[in-house]
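Numbered per this note's numbering, the sequence shown finishes at 210, counting up by one with no gaps. Taking it in order: structure first as structure tokens, then the write-up.
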Amino acid sequence: MLHPLAEAFGRPLAFHLTGGETADCKPSDALIVVPERTPDAPLPAGSYSADGICADLAKRSNAPVVPGRLNRRVEIGHHRMLYKKRNRIELTFGHIKVNRAIANRYHPLANSHFGMVRLVTAREWLRFV
């Protein structure tokens, strides 16, 4: 599975590649530590509302952006205005998955697949230059 980290304008900064059976919230530590400056408010996917991730964000003095699941016993607050901007992450994925080799993962080796992701990411960045 491909887990992206994008900037405020939707340009990809980093990726973390995991196996298909790995839970979505596992690579959060690897992605949040990557940039030179830790993001003020990460805009993750919905599965990133786990207790461990919320506690880690609280240590970094970041407010949770993603609302908790409806079946949570303790409700966590979230920032509504930032949550609305989460579509930029989805748009980033959409631009990357336009390439059929990435969307269908034709490359059996993770190294080859990750190389293709890097190539498409470089092309995305060149669009903004």
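Think of the CB as a built atom: it goes at the ideal place given N, C-alpha and C, for glycine as much as any other residue. Note that the structure is a prediction, hence the values are computed from the model and not measured.
His229 to Arg154 span [Cα, whole Å]: This structure does not reach residue 229, given that the chain is present from 82 up to 210, and the question cannot be answered.
Separation of Arg208 from Ile170, as counted between CA atoms: 17 Å
Simplified DSSP state of Leu83, which is helix, strand or coil: strand
Cut-off 6 Å between Cβ atoms - residues of its own chain near Asp182, not counting five sequence neighbours on either side: A quick correction: the sequence has Ala, not Asp, at residue 182. Closer than 6 Å at Cβ, skipping near neighbours: Met197.
For Leu200, the nearest candidate out of Ala139, Leu94, Tyr164 and Phe90 (CA to CA): Leu94
Host beta strand (DSSP E) of Leu98 (start-end): Pro93 to Leu98
The alpha helix (DSSP H) enclosing His160, as first and last residue numbers: Here His160 belongs to no alpha helix (DSSP H), and DSSP marks it neither H nor E.
Residues near Gly100 by beta carbon distance below 8 Å, same chain, minus five either side: Met82
Inter-residue spacing [alpha-carbon to alpha-carbon] between Lys178 and Lys166: 20 Å
Minimum C-alpha distance to Gly158 - residue among Ala139, Tyr187, Phe90 and Gly91: Ala139
Test item: CB-CB of Asn202 and Gly91 under 8 Å: The question names Asn, but residue 202 is Thr in the sequence shown. Contact: no.
Spatial distance of Pro85 from Asn152 (CA atoms): 27 Å
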